[in-house]
Amino acid sequence: MSTLYFLTQQTMFYSIPLLVVALGGMFSERSGVINIALDGIMIVGAFVGLFFMNRMQATMSGQGLLLLSLLVAGGTGVILSLFHAYASIYHNANQVISGTALNLFAPAFAIFTARMAIGVQQVTFINQYRIAQVPILSQIPILGRMFFTNTYITTYIGILILGISAFFLLKTRFGLRLRACGEHPQAADSAGVKVRRMRLAGVMISGLLAGMGGLILMVPVTTAFNGTVSGFGFLALAVLIFGQWKPSRILMAAFFFGLMQTIAAAYTGIPFLANLGIPSNVFKSIPYLTTIIVLAFTSGRSAAPKAAGEPYDPGKR
Amino acid sequence: MHKLLQSDGFKSIASSLIAILAGLIIGYIILYVTNPYDAYYGFMTVIRGGFNSIPRGIGSVLYTATPIILTGLSVGFAFKTGLFNIGASGQFIVGGFVAIYIGVHWTFLPTSILWIVALIGSFIAGSLWAAIIGLLKAFRNVNEVITSIMLNYIGVFMVNFFVVRTTYDSLRNQSITPSLATVPKWGFDTLLPNSGANGGILIAIVVAIIVYIIIDRTTFGFELKAVGFNRDAAKYAGINEKRNIVLSMMIAGALAGLAGGLVYLSGTGVHIEVLDRIPMEGFNGIPVALLANSHPLAIVFSGLFIAHLNIGGFYMQRFDFVPEVIDMMVAIIIYFSAFALAFKGVFEKIARKMKGDKA
Amino acid sequence: MEYVIEMIDITKQFPGVLANDHVSLQVKKGEIHALLGENGAGKSTLMSILFGLYTPDKGTIKIKGESHNIHNPNDANALGIGMVHQHFKLVETFTVLENIVLGVEDVDKGMLKLSNARKRIVELSEQYNLRVDPDAYIYDISVGQQQRVEILKMLYRNNDILIFDEPTAVLTPQEIDELMKIMKRLISEGKSIVFITHKLNEIKAVADRVTVLRRGQYIGTENVADVSKEEMSEMMVGRKVDFTIEKEPSKPSDVILSVRNLTVASKHGSKPAVNNISFDVKAGEILCLAGIEGNGQSELIYAISGMIPIESGSIVLNGEEMANKNVFARYQSNLAHIPEDRHKHGLVLDFDLSENLVLQTYHKKDFQKNGFIKFKNRLNHANRLIEQYDIRAGRNAKTNTRSMSGGNQQKAIVARELDRDPDIVLAVTPTRGLDVGAIEYIHKQLIAQRDLNKAVLLISLELNEVLEVSDRILVIYEGELVGEVDPAQVTQQELGLYMSGSKREEVTIDA
């Protein structure tokens, strides 16, 4: 039983960032812009957020610092996403090239700035944010041990983001117009929707969520950031595709992949798995292998936004 | 003059040059912001690149350029067929390992051909690793960017596993030297001593020429381009798009695998470190390909150029600058190259104004 | 205030083409005004300017007597102008309701509140007899119903100046009649209509006045009652046009293509796109498969050409069973295919003309040796076709295909397909989007093939083309053959009944 608790607690640490970043990717792609720079934005968001934390942890403390760092990370993500948005939306640049440029830039920037500012390339921080037990809620039998013990506030923020995202996408005027831009921008344009502006919003939201996602990933799993998120941004893209661009499915996909990631990282803490005698490298490969296998079966019928990736050309009738 | 401005070749080269200029300028600004005093000297060191230390620097440029020309060819070849081979790193390490394995364990072969067999092994291993990407894309419509990234990680884990079990130097936690399989120097060591330069650069250039001939002069290249430009039309024309996608990835993988073989067999003491790190040579192929607009012959030059900048970055360290600034510069150059379309539009406008065109 | 719309001296330049050259248009309140011209004459551009999708380089626009600058569709809407486009601007994954309210949604603090909209739409659809289910998804409803959604969009926004861009291209003759009735109804409720078309019959049926454009220039405006079809077409084309096509009676001989019990699955839904179809195509005849778009013709052709797999049945070409063979093998059996979509299938736009002209033959001994391309031969081949078929291309064989005009692109495809000396030609809407000159040319080519004893399977949506060009007509409806008619005997109305599924009969094959 304690294995189950351990599993769910750990899974949260991986699922929630995947969820948040994938939702960011969803807003961008459903508005019509492919953003493969999610990984790079995660890196820079995590870096700036953790750097901020590192500088401020002497004077501030507690969840407040975490929340503030989260905002810093998100803001950084937005700024970085503006480069992608400017190139893709206002100059009809190749979206894959623009995204790749950001991915190439991010780790170099993180290492460069770290070494120039603090002399070493690793950014460390004190993890003072673990919530051992949420008052009252952790007393609920079973569920309390699973979801409200040994947890972080970022987990609940992530769920909140899911709720807000789903609501915004499906129930508001903004969401309707955004989706129209990703499916049939000419239709939106002739209905009076400002396609470029909607797409800019979509990309900025993806920057915000990817930046925050980088921080959300790093805080529970390590105390030293080394300029990489181990391809998580791309795993998030896989979650987006597996989730068929819909919030409810993305949630399920994020949990599935989060679980795989947990098994890979924490299997030594699960006696059943540790005793199987499988080499550690195989475990480490599990999240990546399952991604490929899952996509091999689900990529056939794609519900991808029809106009995603195509630069909007008002001349095309 | 306006005809020149409108020619495709000019527009591509000019766009790339503008992107390079933009990257260099911003690079200089970054240096200046971090350390105004040394910024100029640091920047000029970068510009001088290999010429900072003749002949050793030049040799270093050739040595560094070799793998990225090949991974650039790998990425560029895939681009021509409409695929993004961001998995070159995985193919690189898989190919590199196979080359080391053959070099260490197949010593029953005469030394004169051992390195050749090892390189062929790296070539084949890379192509098989990339075939997975091609098959998944062609038959299951799986996004090749994601498959590639996944296989990069799986490749590193897998190779680390096998290195430990077959070619391990436990003291230094890396692969052992395949001392009998070394790419011949072909005079480069006398010409450019102490630089690591070897015959690999010639092999890379020859391969680039072969790739160019395949793409532009053969019916196979014609098919690949057709599939890359318009998969539906290729289907209409009776071209087997699925087969071509797989073959294209296999060739791209072979090129990246060969890059790995050339690096680890260079006899310069480079080893596979058993760490969870994805080799950068694969990713560095992307800017090389993009800057050259995926043209095989241009890739040789963009590979040399980026190697030149990287060596400059190495020497720049004496000014206490962090060499990652070079990677940032390259990333910025690539970012601006994404605006190529916009630049091309500008050239068109200028050309038309020069013609006095009203139409 | 006589005129509800006045467009004066409108000029619009696009790279390489002067779409509107000092064009003027005056529309009276309460009239149906037709805008006539060939493809490329500038009609769509002019109306797009009125609707705010483009801004004119020069000229003024007056609505109800006042000058206005219309920068975007919102401005146009505010002035009461609405447009139904030729290619519907509907989001397939949205419902009818969502599509209608897009851009003018009712909100409560940002959240969508659609109950009032729903009520209004139901009211409007009853008032104008435009019945449609507000909660149906666009991908589920028919093309005719989609057009009604487009009309409802305009009515919902209280537009009283309505622009219709080639509205009848996708309708059956019966649906066209209904549309004409709807238009007259709209006029009686005080609206004014501009109706873009190149179909003279329809102008005669509903329009009060007609303005003719040719190659971007204003030719003239006439009262429809005072002008004949011949006069209108002469204004449109610039010369006398012969509507009837000269041709000898056909002399069909051997069966070249034999299709038996062919069933092809559909991408959406469980009903097959092609349902147990059997027919023959003989050498020396032009067999036309007539039908409304979306009744299985596309799937049928893709199945015959090998581009999609079939569920069951047989396709015998020159005596050989093809059903399991790939596209390549079918070309080897002397099949030619002028495809429906020249940009998607017919050409690789990023290739140059010489490359596109060998798209299926690049591997033949003439054009390669040991895998290496023989460039000189390719060039000579291209030059020969350019001259023979009068293909206009800026840099001849080296022209980037993307920069060629639609008509010349189509000519290139036709040249390539016919030059292979095929036994059977599959020609799918070969004259779509082309001007009268190109249309005449392609019709001549098809008839020439037939006279050379080739078989031609023609798929067409243009009733004129169907009746004038073909020797025999089979009508396809919902994937089945519902009638066989003789073009010399059948009327447009009767043909329309078959095409809409209102009339059907068993189609037998002379064994």
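Protein chains in written order, with my numbering: chain A, 708 to 1024; chain B, 202 to 560; chain C, 65 to 575. Cβ atoms here follow ideal geometry from the backbone N, Cα and C, with glycine treated the same way.
Which residue marks the beginning of the alpha helix (DSSP H) containing residue i, and which one marks its end?
i, result
"valine 533 of chain C", "527-533"
"tyrosine 67 of chain C", "Note, tyrosine 67 of chain C: premise wrong, no alpha helix (DSSP H); beta strand (DSSP E) at 67-78."
"threonine 710 of chain A", "709-738"
"aspartate 224 of chain C", "Premise fails: aspartate 224 of chain C is in no alpha helix (DSSP H) and is neither H nor E."
"aspartate 477 of chain B", "Premise fails: aspartate 477 of chain B is in no alpha helix (DSSP H) and is neither H nor E."
"tyrosine 536 of chain B", "525-538"
"histidine 97 of chain C", "Segment 96-100 is the beta strand (DSSP E) holding histidine 97 of chain C; no alpha helix (DSSP H) there."
Is it buried or exposed, residue i, if we count other Cβ atoms within 10 angstroms and call 16 or more buried?
i, result
"glycine 1007 of chain A", "exposed"
"alanine 792 of chain A", "buried"
"lysine 304 of chain C", "exposed"
"methionine 733 of chain A", "buried"
"leucine 844 of chain A", "exposed"
"isoleucine 230 of chain B", "exposed"
"glycine 288 of chain B", "buried"
"serine 292 of chain C", "exposed"
"isoleucine 948 of chain A", "buried"
"lysine 150 of chain B", "The first residue shown for chain B is 202 and the last is 560, placing residue 150 of chain B beyond what the model contains."
"methionine 245 of chain B", "exposed"
"alanine 824 of chain A", "exposed"
"serine 735 of chain A", "buried"
"phenylalanine 309 of chain B", "exposed"
"glutamine 513 of chain C", "buried"
"alanine 1010 of chain A", "exposed"
Output the distance between the C-alpha atoms of residue i and residue j, rounded to the nearest integer angstrom.
i, j, result
"alanine 873 of chain A", "arginine 956 of chain A", "11 Å"
"valine 523 of chain B", "tyrosine 242 of chain B", "14 Å"
"alanine 98 of chain C", "phenylalanine 259 of chain C", "5 Å"
"valine 841 of chain A", "leucine 787 of chain A", "35 Å"
"leucine 726 of chain A", "histidine 401 of chain C", "48 Å"
"leucine 730 of chain A", "arginine 478 of chain B", "28 Å"
"phenylalanine 431 of chain C", "leucine 381 of chain C", "26 Å"
"lysine 311 of chain C", "arginine 324 of chain C", "30 Å"
"valine 728 of chain A", "glycine 752 of chain A", "12 Å"
"histidine 891 of chain A", "aspartate 535 of chain C", "41 Å"
"tyrosine 1056 of chain A", "isoleucine 303 of chain B", "This structure leaves residue 1056 of chain A out entirely; chain A is present only between 708 and 1024."
"arginine 212 of chain C", "serine 467 of chain C", "35 Å"
"isoleucine 440 of chain B", "alanine 453 of chain B", "20 Å"
"alanine 1066 of chain A", "glycine 291 of chain B", "What the structure shows of chain A is the stretch from 708 to 1024, and residue 1066 of chain A is not part of that stretch, so it cannot be assessed."
How close, in whole Å, do the beta carbons of residue i and residue j come, if the pair is a contact with beta carbons under 8 Å?
i, j, result
"alanine 808 of chain A", "alanine 539 of chain B", "6 Å"
"leucine 425 of chain B", "serine 449 of chain B", "5 Å"
"serine 524 of chain C", "alanine 354 of chain C", "6 Å"
"leucine 521 of chain C", "isoleucine 488 of chain C", "7 Å"
"glutamine 951 of chain A", "asparagine 857 of chain A", "Contact doesn't hold; Cβ gap of about 32 Å is too wide."
"isoleucine 127 of chain C", "isoleucine 227 of chain C", "Between isoleucine 227 of chain C and isoleucine 127 of chain C the Cβ distance is about 13 Å, and since that is not below 8 Å, they are no contact."
"valine 365 of chain B", "alanine 326 of chain B", "Valine 365 of chain B to alanine 326 of chain B, Cβ: 18 Å. No contact."
"glycine 370 of chain C", "asparagine 390 of chain C", "6 Å"
"isoleucine 350 of chain C", "serine 397 of chain C", "About 20 Å separates the two Cβ atoms, so there is no contact after all."
Which residues mark the beginning and the end of the beta strand (DSSP E) in which residue i is found?
i, result
"leucine 411 of chain C", "From DSSP, leucine 411 of chain C is part of no beta strand (DSSP E); its letter is neither H nor E."
"threonine 275 of chain C", "273-278"
"histidine 401 of chain C", "399-402"
"aspartate 344 of chain C", "338-346"
Per DSSP, residue i is paired with what?
i, result
"methionine 175 of chain C", "A/Thr879, C/Asp172"
"serine 376 of chain C", "C/Thr327"
"threonine 831 of chain A", "A/Ala931"
"lysine 122 of chain C", "C/Thr75"
"serine 131 of chain C", "C/Lys126"
"glutamate 544 of chain C", "C/Tyr541"
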